[in-house]
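Engineer:
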Amino acid sequence: MKPSDRVDRVPPSGIRRFFELAEEADDVISLGVGEPDFSAPWAAREAGITSLEQGRTSYTANRGRRELRERIQRKLREYDLEYSADDEIIVTTGVSEALDVGIRALVNPGDTVAVPDPSYVSYRPTVEFADAEPLAVPTSMDDEFRLSYETLQEAGAEDADALVMCYPNNPTGAIMPEDDLREVAEFARDHDVTVLSDEVYADLTYDGDHTSIASLEGMRERTVVFNGFSKAYAMTGMRLGYAAAPPEVVSAMNRVHQYTMLSAPTTAQYMAIEALDSCNADVEEMRREFDRRRNFVLARLEEIGLDCFTAKGAFYVFPESPWEDDGEFAEALLEEEGVAVVPGNVFGESGEGHLRMSYATGMEDLKEAMDRLDSFV
Amino acid sequence: MDKLHRDLVDLLSKDARQSTEDLARMTDSTAEEVEEAIDELEEDGVLLGYQAVVDWTEVTDDHVEAYVEVNVALDRETDYTDVSERIQSYPEVQRLTLVSGNYDFGLVIQGDSMNEVSRFVSDKIAVIPEITQTVTHFVMETYKDRGVEFGDGDDDERLSVSP
Chain A
1 MKPSDRVDRV PPSGIRRFFE LAEEADDVIS LGVGEPDFSA PWAAREAGIT
51 SLEQGRTSYT ANRGRRELRE RIQRKLREYD LEYSADDEII VTTGVSEALD
101 VGIRALVNPG DTVAVPDPSY VSYRPTVEFA DAEPLAVPTS MDDEFRLSYE
151 TLQEAGAEDA DALVMCYPNN PTGAIMPEDD LREVAEFARD HDVTVLSDEV
201 YADLTYDGDH TSIASLEGMR ERTVVFNGFS KAYAMTGMRL GYAAAPPEVV
251 SAMNRVHQYT MLSAPTTAQY MAIEALDSCN ADVEEMRREF DRRRNFVLAR
301 LEEIGLDCFT AKGAFYVFPE SPWEDDGEFA EALLEEEGVA VVPGNVFGES
351 GEGHLRMSYA TGMEDLKEAM DRLDSFV
Chain B
1 MDKLHRDLVD LLSKDARQST EDLARMTDST AEEVEEAIDE LEEDGVLLGY
51 QAVVDWTEVT DDHVEAYVEV NVALDRETDY TDVSERIQSY PEVQRLTLVS
101 GNYDFGLVIQ GDSMNEVSRF VSDKIAVIPE ITQTVTHFVM ETYKDRGVEF
151 GDGDDDERLS VSP
């Protein structure tokens, strides 16, 4: 059998190759991991176990359990967002599904979707699987990998139908303060661009609170907010996310979701209810630990002499590669010193010459990895 | 307490062996500032000591720990502090706390054998005039101590590289 043209034109993820190299090597310390090294808070795990003991293994409502949507409604108020649990929130199988469904619900074949570059590896393929065209919007370390009116304009995004963005950002650790978001909002309003805002790292900011673009004037009606439990609640494997948007958008998304996914995993939904009810202190404790590691890694990179802007969100730093070819450097670092990092080029052309280092790794390993990097450079 | 002092208390209460340089990196400050702050915390009686969490079963078969509940009867001339002073000076007493509930003092006693700990309680603690009753619980197994879980711990099952 022959794969469809749709699949054929999307190359496999560049991360895959690095994963295979790292798996083969011995005694590897990995700074290549895109998920927390903590487990989900025990209270959430206990709630999942209890739900299983009670035999709660059936489907839920398409949009997710009502109690969960009500808690998400409450959670979103922390970001000055007001969405109704009735018809403006949908619970999905991770943010990944929400984004896929969101794009398929809002984007027509042949439409253009602007995607900042570098960005999380899934955005472009998700756009392409919807038979739309991704348009790279280059960002750079000089601008701390933020978007601006100008960068969007220079990339030709005024003709784009939608913009997919993620701040706090994977892979760079960049955030968009409110002033910068205002520029993007103005651009979106001026050129009638729909914004798909992946805010899954919202609770992992280290220099002030997260601002959602949907909270800015005139943006609620043109924004879909995506968030989930993977990062802040350390529940990646539970696959649970959600989207919030005006009713007609959630209704359209639910049309795709009900036929393709039916409902998000039930156990995970019970865990998420408990997570939102009682796990704020756990999240804050993890955030503080990440902050210390971030300080540590940034300080070590400076001592080692690698240029790096001060990443203020997520759990990544994105320093310049000591060698021009980031792929070659990452491979050599893995072979010679047993430290795995992800070369910036797998996140897009503008990521070339950089390395993504995740500090979602225990302090002892981070220290050792930085020492090895130091002796290698 | 300012942020640096507070952060250092948190960090040292979890791991007191970290180097001054690493503590400085983690708190976005200089080694001198950390050194100075720790000195202040020690002088002010905030940081009283630094100890290891030990799994004694890996060290010797002769290590016994017991919780002892102690009831006291006070009078006009004698208060809790007077009694605590007579208890706390024994090196066998690892921990001494005044608690609410059915008894007054909670003690943690360590020794080389059950016999030794029993004798210590009966000969040294129970004979103190204000003490009316003692109840001794020998520890049979320790699963977690000062936030540290005992045992081998879980392996990191995450993929070594992921998006």
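The listed protein sequences derive, respectively, from chains A and B.
The first sequence begins at 1 in the working numbering and counts up one residue at a time.
The second sequence begins at 1 in the working numbering and counts up one residue at a time.
A virtual CB, placed ideally from N, CA and C, is assigned to each residue, including glycine.
1) Out of curiosity, what's the CA-to-CA distance linking Tyr-67(B) and Gly-338(A)?
2) Would Asp-39(B) count as contacting chain A if we go by Cβ distances under 9 Å?
3) Using a beta-carbon distance cut-off of less than 8 Å, what residues from the region 306 to 332 of chain A approach chain B?
4) Restricting to Cα atoms, I'd like to know which of Ser-19(B), Leu-4(B) and Asp-44(B) is closest to Glu-33(B).
5) Whose C-alpha, out of Arg-65(A), Pro-168(A) and Leu-366(A), is nearest the C-alpha of Val-297(A)?
6) Looking at the unbroken beta strand (DSSP E) that takes in Tyr-242(A), where does it start and where does it end?
7) Quick check: the Cα distance between Val-91(A) and Ala-281(A), rounded to an integer number of angstroms?
8) Grab me the residues of Asp-179(A)'s own chain with a C-beta within less than 6 Å of its C-beta, minus the 5 sequence neighbours each way, in chain order.
9) Against Asn-295(A), what residues of chain B qualify as contacts under a CB-to-CB distance less than 8 Å, listed in chain order?
10) Is it buried or exposed, Lys-231(A), if we count other Cβ atoms within 10 angstroms and call 16 or more buried?
11) Can you give me the C-alpha to C-alpha distance between Leu-107(B) and Asp-79(B), rounded to a whole angstrom?
12) For Lys-75(A), which three-state DSSP category applies?
13) Unbroken beta strand (DSSP E) runs of length 3 or more, entirely within the region 114 to 168 of chain A: which are they?
14) So, using beta-carbon positions, are Val-95(A) and Ala-360(A) closer together than 9 Å?
15) So that I know if they touch, is there some Cβ in chain B lying closer than 9 Å to that of Ile-304(A)?
16) Are the Cβ atoms of Glu-221(A) and Pro-246(A) separated by less than 9 Å?
17) Report, in whole angstroms, the separation of the C-beta atoms of Leu-99(A) and Thr-139(A), which I expect to be a contact under 8 Å.
18) Can you give the beta carbon distance from Leu-68(A) to Ala-244(A), rounded, assuming they're within the 8 Å contact cut?
19) Using a Cβ-Cβ cut-off of 9 Å, state whether Ala-340(A) counts as contacting chain B.
20) Three-state secondary structure (DSSP) at Thr-97(B)?
21) Only counting the same chain, and skipping five residues up and downstream in sequence, which positions put a Cβ closer than 7 Å to that of Asp-190(A)?
22) Considering Cα atoms alone, identify which of Val-54(B), Glu-40(B) and Asp-82(B) is closest to Asp-2(B).
23) If you count every other CB in all the chains shown that lies within 10 Å of the CB of Tyr-59(A), and 16 or more means buried, which is it?
24) I'd like to know whether the C-beta of Arg-146(B) is nearer than 9 Å to at least one C-beta of chain A.
25) Whole-angstrom Cβ separation of Phe-19(A) and Val-161(B), contact assumed at under 8 Å?
26) So with Cβ pairs under 9 Å, would you call Asp-156(B) a contact of chain A?
27) Could you pull the DSSP bridge partners for Met-357(A) from this structure?
28) Determine the chain B residues that contact Met-144(A) at a beta-carbon separation under 9 Å, and present them in chain order.
29) Mind checking which residues open and close the beta strand (DSSP E) that includes Val-195(A)?
30) Of all Cβ atoms in chain B, is any one closer than 9 Å to the Cβ of Glu-336(A)?
31) Where do the ends of the beta strand (DSSP E) carrying Gln-110(B) lie?
32) Distance cutoff 9 Å, beta carbons only. Does Arg-300(A) sit that close to anything in chain B?
Structural biologist: Inspection of the coordinates gives the following:
1) Each residue's Cα considered, the two are about 47 Å apart.
2) It does not: the Cβ of Asp-39(B) has no partner Cβ on chain A nearer than 9 Å.
3) Result list empty, no residue passes.
4) Taking only the C-alpha atoms, the option nearest Glu-33(B) is Leu-4(B).
5) Of the listed residues, the one whose Cα sits closest to Val-297(A) is Leu-366(A).
6) Where Tyr-242(A) is concerned, the enclosing beta strand (DSSP E) stretches over 241 to 244.
7) Whole-angstrom Cα-Cα distance: 23 Å.
8) Excluding positions up to five away in sequence, the list is empty.
9) For Asn-295(A), the chain B residues whose Cβ falls inside 8 Å of its Cβ are Arg-25, Met-26, Thr-27 and Asp-28, in order along the chain.
10) Burial of Lys-231(A) is indicated by the presence of at least 16 other C-beta atoms within 10 angstroms of its C-beta.
11) Note on geometry: alpha-carbon atoms of Leu-107(B) and Asp-79(B) lie some 18 Å from one another.
12) Residue state, collapsed to three classes: helix.
13) Within the region 114 to 168 of chain A, the complete beta strand (DSSP E) runs of at least 3 residues are 133 to 138 and 162 to 166.
14) No, the Cβ-Cβ distance between Val-95(A) and Ala-360(A) is not below 9 Å.
15) The C-beta of Ile-304(A) comes no closer than 9 Å to any C-beta of chain B.
16) Result yes, Cβ atoms of Glu-221(A) and Pro-246(A) sit closer than 9 Å.
17) Contact check for Leu-99(A) and Thr-139(A): beta-carbon distance about 19 Å, past the 8 Å limit, so the pair fails to qualify.
18) The distance from the Cβ of Leu-68(A) to that of Ala-244(A) is about 13 Å, inconsistent with a contact at the 8 Å cut-off.
19) Contact of Ala-340(A) with chain B is assigned, a C-beta pair being separated by under 9 Å.
20) DSSP, reduced to helix, strand and coil, places Thr-97(B) within a strand of the structure shown.
21) So no residue of the chain qualifies.
22) Closest option to Asp-2(B), Cα to Cα, is Glu-40(B).
23) With fewer than 16 other Cβ atoms within 10 Å, it is exposed.
24) Arg-146(B) does not count as touching chain A.
25) Contact holds; Cβ gap of about 4 Å.
26) Yes, Asp-156(B) counts as interfacial toward chain A.
27) As a beta-bridge residue in DSSP terms, Met-357(A) pairs with Val-317(A).
28) Per the sequence presented here, residue 144(A) reads as Glu, with Met not at that position. Per Cβ cutoff of 9 Å: no residues; Glu-144(A) is ~18 Å from chain B at best.
29) From DSSP, the beta strand (DSSP E) with Val-195(A) extends over 194 to 198.
30) For Glu-336(A), the answer is no, since every Cβ of chain B falls outside 9 Å of its Cβ.
31) In the DSSP annotation of this structure, the continuous segment of the beta strand (DSSP E) that includes Gln-110(B) starts and ends at 105 to 111.
32) Taking Cβ atoms only, chain B reaches closer than 9 Å to Arg-300(A), which makes this a yes.
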